[in-house]
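Just so you know, numbering that gives the first Met the number 0 puts 228 at position 229 of the sequence shown, and the rest follows in order with no gaps. Note that the Cβ used here is the ideal one computed from N, Cα and C, for glycine as well. Note that the structure is a prediction, hence the values are computed from the model and not measured. Notes follow once the structure below has been shown.
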Amino acid sequence: MTTLAIDQVDKRYGGVQALKDASLELRAGEVHGLLGPNGSGKSTLNKVMSGAVKPDRARIRVDGTEISIDRPLDAQRHGIASVYQHLSIVPHLTVAENLVLGTEATRAGFLAPGRQRKRIDEVLERLAPGLGPRVRPDTRAGRLGPGQSQILELGKAWLRDPRFLVLDEATASLHRDQVELLFSVVRELTADGVGVVFVSHRMEEVLALCQRATILRNGLNVATVEVAETTDKEIVRLMVGDDLAARVGAATETNRRPDQDPVIATTDLVADGVDRVTLQVRPGEVLGLGGLQGQGQSELLLSLFGANPAGAGEISVGGRPRRLGRPRTAIRAGIALVPGDRGKEGLYDKRSIQENISTVSLRARSLLGAISMRKERTVAREQVKAMSIKIGSLDDPVSSLSGGNQQKVVIGKWLPANPRIVLLDDPTKGVDVGAKAEIYTIIRALTADGVAVVLNSSDDTELEELADRVLVLFEGGVVSELEGDEITHSALVASALRVDDEEEAMPS
Ligand SMILES: Nc1ncnc2c1ncn2[C@@H]1O[C@H](COP(=O)(O)OP(=O)(O)OP(=O)(O)O)[C@@H](O)[C@H]1O
Ligand SMILES: [Mg+2]
Numbered sequence: 000m001t002t003l004a005i006d007q008v009d010k011r012y013g014g015v016q017a018l019k020d021a022s023l024e025l026r027a028g029e030v031h032g033l034l035g036p037n038g039s040g041k042s043t044l045n046k047v048m049s050g051a052v053k054p055d056r057a058r059i060r061v062d063g064t065e066i067s068i069d070r071p072l073d074a075q076r077h078g079i080a081s082v083y084q085h086l087s088i089v090p091h092l093t094v095a096e097n098l099v100l101g102t103e104a105t106r107a108g109f110l111a112p113g114r115q116r117k118r119i120d121e122v123l124e125r126l127a128p129g130l131g132p133r134v135r136p137d138t139r140a141g142r143l144g145p146g147q148s149q150i151l152e153l154g155k156a157w158l159r160d161p162r163f164l165v166l167d168e169a170t171a172s173l174h175r176d177q178v179e180l181l182f183s184v185v186r187e188l189t190a191d192g193v194g195v196v197f198v199s200h201r202m203e204e205v206l207a208l209c210q211r212a213t214i215l216r217n218g219l220n221v222a223t224v225e226v227a228e229t230t231d232k233e234i235v236r237l238m239v240g241d242d243l244a245a246r247v248g249a250a251t252e253t254n255r256r257p258d259q260d261p262v263i264a265t266t267d268l269v270a271d272g273v274d275r276v277t278l279q280v281r282p283g284e285v286l287g288l289g290g291l292q293g294q295g296q297s298e299l300l301l302s303l304f305g306a307n308p309a310g311a312g313e314i315s316v317g318g319r320p321r322r323l324g325r326p327r328t329a330i331r332a333g334i335a336l337v338p339g340d341r342g343k344e345g346l347y348d349k350r351s352i353q354e355n356i357s358t359v360s361l362r363a364r365s366l367l368g369a370i371s372m373r374k375e376r377t378v379a380r381e382q383v384k385a386m387s388i389k390i391g392s393l394d395d396p397v398s399s400l401s402g403g404n405q406q407k408v409v410i411g412k413w414l415p416a417n418p419r420i421v422l423l424d425d426p427t428k429g430v431d432v433g434a435k436a437e438i439y440t441i442i443r444a445l446t447a448d449g450v451a452v453v454l455n456s457s458d459d460t461e462l463e464e465l466a467d468r469v470l471v472l473f474e475g476g477v478v479s480e481l482e483g484d485e486i487t488h489s490a491l492v493a494s495a496l497r498v499d500d501e502e503e504a505m506p507s
């Protein structure tokens, strides 16, 4: 049986020991979960296997024969393909050009142009339900949303005909129907004997897809388990320890104050991607935005933040009509946005963690008066502590953080600014179960203080857990509204797909 075995892996980044004697054994035809909290070393291990990161020490064997992987090309030659957590799509190239980019070393790269074209069409046709009807081979990749880009990444890896496929949070910004598509591709590949490494912070995905799972904590192996013989509780405990495990999935509570006037409201709001949306959010309320991904949820949040100006309709804040023509005006009105694409909008990559956390609060506070560097450092340190962000030093560039920890910095940025209205665009994507519990606690603390929250989430469980009401969007407009106990998985899927029969709505 074909196996890819990697062990004795050490990797140190400056003062951070990312991996210490870590190992993973991947068998042909299995889906092997690679689990662990943010910053535990999952991506680093994956990058060692795919040649993107040079380890301090590692032994890699394919079918018992030792190989060396010094660069990505070596990994490709041994049939290892990866979908990285950070997307590698080139925005100014087309969808088709992105698909073949870098396939030179693989079988697909040796195909005659006609054959290759045919393979591209096959792959695109299969992925079409996840890309949507408007995406064609000659569409510029820069126009794709995060979910569509992730599907394209899957296509890229698939086109290489891998023997081993590494999926590092390839589902993080996918909606449920796209996840099902990815699962079906993975099952097809494993049936052909491909071994798949699957990294995800969504436990239900791990349980549904993986046969075995290896759990890392602080760069060390904690255990490798047979998923069918283990409970999800046990896996969470192995990942985060006893204390945090107890807090995960704590009961939903509401801080809604239904008798109070809305803090923010719109009437027939029209903007780019937004079609006549009427909504109200009251103090302490969490208004969820559901539906398939890319139906205007992010655009709606942007227009409430003044970054997607309204063409028609009204927005009122605190009962008074406001023209939110630009973010500055929205920030003054007490509105905060935690953007969905942390790469594009959320963080200044090369700047330090401290600078990133203080940009927003500085902007908000400088309206009130100067704040000192020392104050800035104190605020940043408090946020890092409050959200258990795993860092080396506050002065390290934010790009050195693991994916989930970067996401926590994006959220941590806004909290010191004391907003009255918080707009969250898929805030916990890529965030581990422990940190998710922490972020949920933060959201509840905000609503307990009377802050109004609008939450877009690609994760139905999150809407179920946090939202008081959910507006389901389709093509920019509201198609249904769910409230309280009506907010369930099946109701969310049914209204997203716009079918009445819940049975039919469940993608299989
Ligand atoms: N280029 C880098 N420079 C410095 N430190 C790094 C770099 N890449 C990773 N690290 C550190 O190594 C540790 C492991 O990071 P890694 O990205 O492997 O974690 P992860 O398990 O993938 O986390 P997540 O679930 O958040 O994606 C983290 O502490 C991270 O900050
Ligand atoms: Mg990672």
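If only complete runs of 3 or more residues are kept, the stretch 381-440 shows the beta strand (DSSP E) at 420-424, in order along the chain.
If you compare the alpha carbons of 277, 391, 86 and 70 with that of residue 79, the shortest gap goes to 70.
Take residue 394, set aside five residues on each side of it, and the residues of its chain with a beta-carbon closer than 8 Å to its own are 351, 352 and 353, in chain order. The C-beta of residue 83 has 16 or more other C-beta atoms within 10 Å across all chains shown, which makes the residue buried.
For the pair of segments examined, the stretch 428-444 was found to touch the stretch 30-41: the number of CB pairs separated by less than 8 Å reaches three. If you ignore the 5 residues before and after residue 387, its C-beta comes within less than 7 Å of the C-beta of 434 and 437, all in its own chain and listed in chain order. Restricted to the stretch 22-63, the beta strand (DSSP E) segments that are unbroken, complete and at least 3 residues in length are 30-34 and 56-61, listed in chain order. Less than 8 Å separates the beta-carbon of residue 495 from that of residue 289.
Shortest gap from the CB of residue 146 to any heavy atom of ligand 2: 7 Å or more. Non-local beta-carbon contacts of residue 390 in its own chain, meaning distances under 8 Å to residues more than five positions away in sequence, involve 352, 383, 400 and 404 in chain order. Membership of residue 102 in any alpha helix (DSSP H) is not indicated, and neither H nor E is assigned to it by DSSP. Straight across, the Cα-Cα distance linking residue 66 with residue 81 is about 18 Å.
By the neighbour-count definition (other C-beta atoms within 10 Å, threshold 16), residue 41 is a buried residue. Under DSSP, residue 6 shares a beta bridge with 58.
The set of residues whose C-beta lies within less than 5 Å of a heavy atom of ligand 1 reads, in chain order, 12, 15, 17, 37, 38, 39, 40, 41, 42, 43, 399, 400, 401, 402 and 403. For residue 449 and residue 474, the gap between their C-alpha atoms comes out near 31 Å. For residue 271, same chain residues with a beta-carbon under 7 Å away, outside a window of 5 residues either side, are 298 and 307 in chain order.
Within the stretch 448-506, the complete alpha helix (DSSP H) segments at least 4 residues long are 459-465, 488-496 and 501-504, listed from N- to C-terminus. Across the structure, residue 332 and residue 381 are spaced so that their CA atoms are roughly 25 Å apart. Counting only unbroken stretches of 3 or more residues, the beta strand (DSSP E) elements lying wholly within the stretch 156-194 are 163-167, in sequence order. Here the stretch 225-239 makes no contact with the stretch 47-54; the two share fewer than three CB pairs at distances below 8 Å. Contact check for residue 170 and residue 203: beta-carbon distance about 11 Å, past the 8 Å limit, so the pair fails to qualify. Residue pairing from DSSP places residue 225 in a beta bridge opposite 211. Checking the 7 Å criterion, the Cβ of residue 406 is out of range of every heavy atom belonging to ligand 2.
Under the three-state reduction of DSSP, residue 328 is assigned to helix. Of the candidates 427, 287, 321 and 24, the residue whose Cα lies closest to the Cα of residue 471 is 287. Listed in chain order, the alpha helix (DSSP H) elements of length 4 or more contained wholly in the stretch 231-309 are 231-246 and 296-303. Annotation for residue 129: the continuous alpha helix (DSSP H) segment containing it runs 112-130. In the three-state DSSP reduction, residue 69 falls in the coil class, being neither helix nor strand.
Within the same chain, no residue comes within 7 Å of residue 228 by CB-CB distance, once the 5 residues on both sides are set aside.
Straight across, the Cα-Cα distance linking residue 465 with residue 259 is about 20 Å. Taking 8 Å as the upper bound for CB-CB distance, residue 189 and residue 28 are in contact here, some 5 Å apart.
Apart from the 5 residues on each side of it in sequence, residue 122 sits with its Cβ closer than 8 Å to the Cβ of 98, 154, 157 and 158 in its chain, given in chain order.
The C-beta of residue 377 has fewer than 16 other C-beta atoms within 10 Å across all chains shown, which makes the residue exposed. Cβ-Cβ distances below 7 Å link residue 487 to 463 in the same chain, with the five nearest sequence neighbours on each side left out; the list follows chain order.
With a cutoff of 8 Å on beta-carbon distance, residue 429 and residue 402 are scored as near each other.
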